[in-house]
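The structure under discussion appears below in the form of structure tokens.
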Amino acid sequence: AASMFLRLLSDIQWRAGHPKWRRMTSSQRSTSTTEPHPLSLPAQAQVVICGGGITGTSVAYHLSKMGWKDIVLLEQGRLAAGTTRFCAGIVSTARPVSIELKMAHYSNKLYQRLEQETGVQTGYMKTGSISLAQTQDRLISLKRIASSLNVMGIPCEIISPKKALQLHPLINIHDLVGAMYVPEDALVSSANVSLALATAASRNGVQIHERTSVSHVTIQKGQVTGVETDRGRIQCEYFVNCAGQWAYELGHSGEEPVHIPLHACEHFYLLTHPLKEPLSSSLPTIVDPDGRIYIRNWQGGILSGGFEKNPKPLFTEGRNQLEIQNLQEDWDHFGPLLSALLRRMPGLEALQIMQLVNCPESFTPDMRCIMGESPTARGYFVLAGMNSAGISYGGGAGKYLAEWIVNGYPSENVWPLDLKRFGTLQSSRTFLRHRVMEVMPLMCDLKVPRWDFQTGRQLRTSPLYDRLDAQGARWMEKHGFERVKYFVPPGSDLLDLGHSKTFYKPDWFDIVGSEVKCCKEAVCVIDMSSFTKFEISSTGNQALESLQYLFSNDLDVPVGHVVHTGMLNEKGGYENDCSIARLSKRSFFMISPTDQQVHCWAWLKDHLPDDSNLVMEDVTWKYTALNLIGPRAVDVLSELSYAPMTAEHFPSLFCKEMSVGYANGIRVMSITHTGEPGFVLYIPIEYALHVYNEVMNMGQKYGIRNAGYYALRSLRIEKFFAFWGQDLDAFTTPMECGREFQVKLDKGIPFLGHEALWQQKQNGVYKRFTMFILEDHDTDMDLWPWWGEPIFRNGRYVGKTTSSAYSYTLERHVCLGFVHHFDEKTGEELVVTTDFINQGEYEIDIAGQRFQAKAKLYPFSSLFTQRRRKDEVELSGYQRE
Amino acid sequence: FYLTPPQVNSILKANEYSFKVPEFDGKNVSSVLGFDSNQLPANAPIEDRRSAATCLQTRGMLLGVFDGHAGCACAQAVSERLFYYIAVSLLPHETLLEIENAVESGRALLPILQWHKHPNDYFSKEASKLYFNSLRTYWQELIDLNSGETTDVREALINAFKRLDNDISLEAQVGNPNSFLNYLVLQVAFSGATACVAHVDGVDLHIANTGDSRAMLGVQEEDGSWSAVNLSYDHNAQNEHEVERVKMEHPKSEEKSLVKQDRLLGLLMPFRAFGDVKFKWSIELQKRVVESGPDQLNDNEYTKFIPPNYHTPPYLTAEPEVIHHKLRPQDKFLVLATDGLWETMHRQDVARIVGEYLTGVHHQQPIAVGGYKVTLGQMHGLLTERRARISSVFEDQNAATHLIRHAVGNNEFGTVDHERLSKMLSLPEELARMYRDDITITVVQFNSHVIGAY
């Protein structure tokens with residue numbers, strides 16, 4: 001212990017030598033001469049972390065806490081001297097995304113105890129925060145957040161404007177309709193938090209080297225081997241890129257680029273001198289999203305910044321620099337935010353300005369931070385792109401990443417933050433520049449259900465894009481691919497359709513309703529080309545053997561059969577949910593969700609044997625996929641192919657290459673992703689337009705029409721179909737979502753996840769995917785569910801919804817979600833039985849309002865078939881006329 | 001009746017014109033960066049004219065504004081012809097010879113001027129031959145005179161003004177066999193025009209002024225503020241020296257009748273002008289020309305009318321007053337404008353508005369708090385003001401347009417009031433002249449770097 005202390009003193013002299021770090025206003029960099037590096041770099045280490053800001057120090061702290069000692073942290077300038085130093089230091093837990101909320105909550109708890117643990121003053125002060133609503137819609141969004149905070153046990157209250165005034169006497173409440181009070185939100189000195197984490201990590205054995213910059217990371221055979229720095233090379237197994245706004249450039253510095261899509265924007269906040277009567281340091285932080293500003297107390301004065309509508313992206317062309325020089329203050333740019341500040345706190349007019357701080361922050365294409373392992377380089381981890389919430393997320397994100405490195409996966413589902421949700425396509429600098437200009441204002445914009453990004457669009461499109469667009473298609477985007485939401489009927493006067501923002505019944509309600517009706521009664525075409533498509537083949541039996549190990553269902557089916565199966569991890573959780581067609585004895589065609597393109601590829605690459613006789617190809621771009629849904633799909637297709645398509649000749653879950661119109665070699669599968677009868681046609685792209693035209697022409701007499709994903713969603717949710725990425729994740733097993741039938745425990749091959757699933761089969765599951773039908777919900781008048789709504793069973797919180805849709809068949813809202821069984825006294829998770837589900841009274845909480853719901857574990861198959869038969873009779877009768 | 005901001009803009013911008021002096025080899029060697037010009041009619045048709053041209057056989061640039069009265073014919077003729085007279089006056093003997101030889105032998109003529117014209121600024125096709133012949137006679141006389149001395153700009157300007165006015169007078173006396181031209185030359189002679197012309201060559205700026213248009217220099221003081229320096233004297237009743245001059249040129253007996261109601265002979269506002277032969281010719285000459293002239297002229301009460309107390313003509317001259325100014329780096333721009341502008345705006349305001357416009361377009365100084373004590377409220381006020389300024393500046397890409405917007409739309413607080421602007425611009429033709437005069441403005445911007453390097 002004594003020697004460690006000595007090392008601490010010598011290695012982190014910076015603490016004594018640079019007291020300026022304690023003061024976040026010191027705008028001038030320390031001019032001290034470069035001190036001799038007390039320690040030379042080690043020749044090797046298990047982990048090298050690049051970046052000494054809040055994320056890097058947090059990762060180091062948590063890794064060392066978990067018992068890893070052989071860690072080196074490199075910082076090109078000085079610890080906590082980048083964005084971290086300038087950070088406003090607000091720890092705010094009010095986050096809409098559940099995983100972000102959890103990270104922020106953990107960070108708060110961590111920072112609270114950090115001073116005691118390390119002896120470094122962190123300036124932690126529990127002030128609470130008040131988020132203000134100037135509109136009813138804003139209040140709804142706050143209520144939704146409040147609901148999810150409350151069920152996590154985080155105190156949170158929706159309060160009246162008057163109550164807000166009592167908590168913060170300086171605010172003007174005349175334009176407010178309500179507010180949300182989170183009493184446990186805190187303020188910290190972010191630089192000191194970072195230094196405290198570094199100190200603790202250092203005590204645990206982490207070596208910290210300042211003024212050492214990483215030039216690039218060396219990768220051999222897809223595995224990190226070391227780091228080249230300006231002070232020599234370090235061999236390592238793991239590299240963690242915590243370089244903040246330089247993470248993109250660092251990722252691209254090596255021979256094999258690691259794409260980390262983030263882009264810096266200037267971010268401004270104001271510091272003032274103290275008020276005549278200095279503000280109390282316990283005064284809550286004010287967040288006024290409608291005014292785009294936040295205001296915290298700061299040394300008796302205030303600190304106020306915001307997210308302007310016209311952000312200034314910078315370093316698009318890349319410009320590495322040691323630390324962030326204090327960039328130019330731009331008062332004209334800050335003007336609107338200053339107006340908002342004085343509108344909120346008119347009493348501050350006479351307050352004297354100290355400084356306008358310009359502190360670049362890095363933003364990501366979807367406003368969520370980036371963590372995880374590179375899909376191409378094993379051992380290359382990333383934690384960056386904090387979207388100006390580095391302090392709020394830093395603690396929790398560092399913990400999850402450390403778990404990921406040590407255990408192979410974090411303790412929570414972090415897919416929404418996973419680096420692998422992005423591919424190379426999001427790494428264009430132009431794309432990033434345009435997207436972050438949209439993202440930064442979005443930090444404050446009201447986000448209603450089904451909002452979509454407007455920049456960086458029309459990147460990946462189907463060959464039918466123009467045809468569909470001309471027919472009134474309205475588009476949304478997934479993984480860069482344009483997908484149709486719905487089709488505005490010709491002559492519709494709803495010019496602004498899709499532009500109205502609402503938490504209530506949307507304006508496309510009837511349009512989607514008619515598309516759904518057509519799917520159920522006649523036939524619809526949905527372009528589903530965005531789905532990820534791989535082909536896996538081998539010279540011998542390798543493909544089958546490997547896939548049998550990687551997938552839980554039995555793939556040793558006759559050629560021409562399609563199998564729905566999960567791609568599971570060790571714990572039986574879904575890494576992917578896909579449909580696999582056996583094209584021949586030795587080749588398979590695999591269809592996965594759109595955003596699986598990078599993740600699934602990496603997973604297969606990682607798990608398939610390194611065998612040159614086993615070939616995997618991403619054929620996503622080669623095929624256009626048309627989904628024909630509805631009872632008349634069979635008629636359209638048989639007329640176009642002169643082949644019988646009835647159930648006897650073309651049973652469900654069947655795959656065959658056939659001709660459609662003039663085009664031959666169309667891969668037709670009898671699957672629909674919705675549970676309705678129908679087919680998906682995989683068409684080589686040059687035939688796409690021809691086949692589409694043929695289908696539409698032939699389909700006319702069967703009442704064919706175009707449909708979009710909203711209709712598809714309504715259909716699949718009322719059919720209780722779970723979607724990966726929305727309902728299913730790496731922490732959900734087939735046993736928990738009623739898909740035991742897709743698991744072949746006895747197929748004779750101990751597939752990945754076999755053991756875990758077997759255990760679950762024996763012991764039962766701890767959560768259960770359940771379908772809820774809202775009972776007393778008025779579709780026209782009430783707030784619509786979205787996802788993430790708390791579920792209450794007999795008045796007690798049991799879980800959250802994962803998706804929801806209006807069922808036009810049931811004429812009710814359907815929510816899907818997971819039910820847990822928490823012990824009433826201890827909170828311990830208990831086995832969830834069928835009886836437990838069936839014997840409860842359920843309520844769904846939508847923005848604080850609870851609606852009664854009926855729980856179901858199985859879809860209304862009988863109801864639907866009956867209805868359909870009845871409809872078929874009606875339709876056939878209609879045709880006779 | 002209400003005009004929307006885009007409608008207001010389309011009216012204000014209809015006649016705007018900008019010229020940027022081309023940069024050669026990336027280095028602008030001219031002391032002039034360029035100019036912005038615009039005019040807003042009150043009369044229908046407008047009686048103001050403007051001209052701008054670069055001298056091709058000598059150095060320098062010519063810019064002028066011309067305010068016509070009793071019709072636009074004289075102003076139009078002066079705007080077409082004066083710069084040729086000036087250019088020719090400035091030409092060295094050899095060049096004059098070269099040009100004369102070229103004309104004589106039917107060879108291509110060296111271009112003398114490069115015009116910078118708005119599409120609405122027209123030249124009379126029918127009169128071009130007549131005008132050319134008069135101009136040729138002038139240079140032939142200059143060749144014969146061959147003084148051998150280097151041409152003095154001041155003298156050249158004075159000679160050119162006087163010669164052109166003389167030619168206008170002669171052409172009207174001689175008459176023309178072409179009836180259209182015959183009527184035209186009479187119209188030119190019987191109407192009048194003032195002229196304010198700038199000649200810029202390096203740091204030498206000459207202003208030749210005849211009448212009550214005005215040239216004003218915008219100077220940026222060391223503290224960044226703007227001040228105005230007059231580079232011309234108005235030739236009207238407000239100018240004591242002018243009143244004195246007129247009185248000196250006529251017998252004492254006429255002293256009382258010379259200037260009445262601030263007008264020359266109780267009739268004419270400007271004390272110097274082109275044309276206006278009614279104030280220059282003898283009564284006999286006037287009568288002879290009118291009687292032998294076309295019927296239209298005879299039917300015109302104005303032309304037939306002889307000014308009262310008309311004893312010792314001429315009462316009016318076109319001879320300009322010339323002011324020379326050596327440009328300094330702080331001299332940022334020159335405003336030439338007809339009295340329509342100066343009636344509504346003080347020169348100090350003109351200097352400030354144009355100065356702020358020109359600097360604002362190029363760089364609005366960023367604000368830095370530095371060590372100053374600034375409150376949030378003060379900063380907010382400052383930023384609001386800057387935003388307002390920028391938004392009004394960015395509506396205009398032309399300094400002259402910006403100035404007209406202020407001249408017409410300024411309210412009592414000195415800021416542009418859209419409602420007022422809309423009202424002033426939507427006045428019916430017959431009323432417009434009662435509320436405002438034709439306004440013509442040319443703003444010349446100087447290149448301080450080039451000027452500083454002299």
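Just so you know, the sequences run in chain order A and B.
Numbering-wise (UniProt numbering), the first sequence opens with residue 1 and increments by one.
Numbering-wise (UniProt numbering), the second sequence opens with residue 1 and increments by one.
Glycine included, C-beta positions come from ideal geometry on N, C-alpha and C.
>> Taking CB distances under 8 Å as the criterion, tell me whether B/Glu16 reaches chain A.
In response: no
>> Helix, strand or coil for A/Leu555? Go by DSSP, reduced to three states.
In response: coil
>> For A/Leu550 and A/Leu752, which I take to be in contact (beta-carbon distance under 8 Å), what is that distance rounded to the nearest angstrom?
In response: 6 Å
> Which chain B residues are close to A/Glu329, counting only those with a beta carbon under 9 Å from its beta carbon?
Replying inline: Pro366, Ile367, Ala368, Val369
> Is A/Val798 buried or exposed, if buried means 16 or more other CB atoms sit within 10 Å of its CB?
Replying inline: buried
> Do the CB positions of A/Phe588 and A/Leu547 come within less than 8 Å of each other?
Replying inline: yes
> Given that a residue counts as buried once 16 or more other Cβ atoms are within 10 Å of its Cβ, and exposed if not, what is A/Ser538?
Replying inline: buried
> Can you tell me the Cα-Cα spacing of A/Ser190 and A/Leu383, whole angstroms?
Replying inline: 17 Å
> What's the call for B/Ile283, buried or exposed, on a 16-neighbour Cβ count within 10 Å?
Replying inline: exposed
>> Could you compute how far the alpha carbon of A/Asn664 sits from the alpha carbon of A/Cys655?
In response: A straight line joining the alpha-carbon of A/Asn664 with that of A/Cys655 spans about 15 Å.
>> Ignoring anything shorter than 4 residues, give me the alpha helix (DSSP H) runs that lie fully in the stretch 300–385 of chain B, in order along the chain.
In response: Here the runs fully enclosed are 301–304, 339–344, 347–362.
> Contact check, A/Asp164 vs A/Ile130 under 8 Å by CB: the rounded distance?
Replying inline: A small correction: the amino acid at residue 164 of chain A is Ala; Asp does not occupy that position in the sequence shown. About 5 Å; that satisfies the 8 Å criterion.
>> DSSP three-state label for A/Lys447, please.
In response: coil
> In the stretch 118–205 of chain A, which residue ranges form an unbroken alpha helix (DSSP H) of at least 4 residues, counting only runs that do not cross its ends?
Replying inline: 136–151, 161–167, 190–203
>> Between which residues of its own chain and A/Glu535 is the CB-CB distance below 6 Å, once the five residues before and five after are set aside?
In response: Phe589, Glu617, Val619
> Whose Cβ in chain B lies nearer than 9 Å to the Cβ of A/Glu349?
Replying inline: The answer, in chain order, is Thr375, Leu376, Gly377, Gln378, His380.
>> With DSSP as the reference, identify every bridge partner of A/Gly301, one or two as the case may be.
In response: For A/Gly301, which the question treats as bridged, DSSP gives the partners A/Trp298.
> Are the stretch 763–774 of chain A and the stretch 50–68 of chain A touching by the rule of at least three beta carbon pairs closer than 8 Å?
Replying inline: no
> Got a sec: is the Cβ-Cβ distance from A/Gly335 to anything in chain B below 8 Å?
Replying inline: yes
>> Just to confirm before moving on: does the CB-CB distance between B/Arg154 and B/Thr210 stay below 8 Å?
In response: no
>> With three or more C-beta pairs closer than 8 Å as the rule, is the stretch 253–262 of chain B touching the stretch 131–142 of chain B?
In response: no
> Opposite A/Tyr269 in the DSSP bridges: which residues?
Replying inline: BP columns for A/Tyr269 point to A/Gly305, A/Val357.
>> Using only the alpha-carbon positions, how far apart do A/Gln726 and A/Gly788 sit?
In response: C-alpha separation (whole angstroms): 10 Å.
>> Strictly under 8 Å for the Cβ-Cβ distance: is A/Pro338 near chain B by that measure?
In response: In the sequence under discussion, the amino acid at residue 338 of chain A is Leu, which differs from the Pro named in the question. Interface residue, yes.
> Do the CB positions of B/Val354 and B/Val335 come within less than 8 Å of each other?
Replying inline: yes
>> Measuring straight from C-alpha to C-alpha, what distance separates B/Tyr17 and B/Asp67?
In response: 18 Å
> Alpha carbon to alpha carbon, what distance is there between A/Tyr248 and A/His259?
Replying inline: 7 Å
> Got a sec? Which residues, its chain only, sit under 6 Å from A/Arg429 by beta carbon, not counting five neighbours each side?
Replying inline: Thr316
> So, using beta-carbon positions, are A/Ile295 and B/Met379 closer together than 8 Å?
Replying inline: no
>> Do A/Leu338 and A/Thr272 have their beta-carbon atoms positioned less than 8 Å apart in this structure?
In response: no
> Quick one, which residues of the stretch 349–376 of chain A are near chain B if we go by CB-CB under 9 Å, in chain order?
Replying inline: Glu349, Ala350, Leu351, Gln352, Ile353, Met354, Gln355, Leu356
> Under a CB-based cut-off of 8 Å, is A/Thr135 close to chain B?
Replying inline: no
> Is DSSP giving B/Tyr17 helix, strand or coil here?
Replying inline: Note: B/Tyr17 maps to strand in three-state DSSP.
> What in chain B is Cβ-close to A/Leu314, meaning under 8 Å?
Replying inline: The contacting residues do not exist; A/Leu314 stays about 16 Å from chain B at best.
>> Beta-carbon within less than 6 Å of B/Thr151's beta-carbon, same chain only, minus the 5 sequence neighbours each way: which residues are those?
In response: Result list for B/Thr151: Leu90, in chain order.
> Excluding five sequence neighbours on each side, which residues of the same chain lie with their C-beta closer than 7 Å to the C-beta of A/Met440?
Replying inline: Cys265, Phe307, Pro311, Phe363
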